[in-house]
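*Asks:*
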Amino acid sequence: MASSYTCTLFILNFILLSLSTISSFEDDFVETLVATRTEKTTHLHFYFQDRPGGRNPTAVQIIARKGLGFGTTYMIDDALTRSADRGSEIIGRAQGMYSVATRNDLGLLMVVSFCFTQGKYNGSSLSMLGRNHVMDNVREMPIVGGSGLFRFARGYALAHTVWFDVKTGDATVQYNVSVNHF
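If you count by mature numbering (1 follows the signal peptide of the UniProt record, and there is no 0), then the sequence shown holds residues -24 to -1, 1 to 158, one letter each, in order.
1) Count the CB pairs spanning the stretch 21 to 37 and the stretch 75 to 83 that are closer than 8 Å, and state whether there are at least three.
2) What residues are listed by DSSP as bridge partners for L125?
3) Can the beta-carbon of T57 be found closer than 8 Å to that of Y23?
4) For D53, which residues in the same chain have their Cβ closer than 7 Å to its Cβ, ignoring the five residues on either side in sequence?
5) Which residue spans inside the stretch 45 to 118 form an unbroken beta strand (DSSP E) run of at least 3?
6) Closer than 7 Å by C-beta to S101: which residues in its own chain qualify, once you throw out the five before and the five after it? Chain order, please.
7) Alpha carbon to alpha carbon, how far is N152 from A60? Give it in angstroms, no decimals.
8) On the CB-based measure, 16 or more other CB atoms within 10 Å of its CB, does R41 come out buried or exposed?
9) Since I believe I66 is in contact with Y50 (beta carbons under 8 Å), could you give me their beta-carbon distance rounded to a whole number of angstroms?
10) What does the Cβ neighbour count give for Q25, buried or exposed, with the cut at 16 atoms within 10 Å?
11) Within a Cβ cutoff of 6 Å, which residues of the same chain sit near V149, ignoring the five residues on either side of it in sequence?
12) Rounded to a whole number of angstroms, what is the C-alpha to C-alpha distance between R13 and F46?
13) Of the residues G106, M111, S154 and V114, which one's Cα is nearest the Cα of A129?
Dropping the structure here:
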């Protein structure tokens, strides 16, 4: 009986000691991570060159509906440029897709990665996921993540159409993006 009691006390002490060590390790680990990260805010300004028409389209319709009907979907690999001029320096690509997500007006669901290929942010990306009501002068969409220098990014993108060709669907859209990241 005494042997069973001693064994039980030994096991109980071992478990309690192990739990306190694990808890202490987790606290130190969390404190270390928090202490080494500094949050930054970055503001970016660029132009999205969407070209579904012409000889060299950067947006391809993958789901067709009558006109621009509900469900119409495009896959994109659009240039991101420094200025509104299509021939200006390309600083990255907008890769992803957009779909007509409304039945009564022109609202798009945007699922896009802004992949930067020049300058300080070369190799980094931002992920945008949200509704783009294209008939509004300025549209706001959330930035939900990022990679590279934009790890843990969160923020918003403001889009404003500066040029649109009704015949081809080609457009140049100005983006002002503000993100917090580490």
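Virtual Cβ for every residue (Gly too), placed ideally from N, Cα, C.
The structure presented is a predicted model; accordingly, all values stated were derived computationally and were not measured.
*Replies:* So, to answer that:
1) no
2) DSSP, once it has assigned bridges, lists no residue as partnering L125.
3) yes
4) T34, R69 and Q71
5) Runs found: 49 to 57, 66 to 76, 83 to 92 and 101 to 109.
6) S89, F90, C91, F92, G122, S123, G124 and F126
7) A60 and N152 have their C-alpha atoms roughly 13 Å apart.
8) exposed
9) That pair is no contact at about 20 Å.
10) buried
11) F24, A135 and T137
12) Distance between R13 and F46, taken at the CA atoms: about 44 Å.
13) S154
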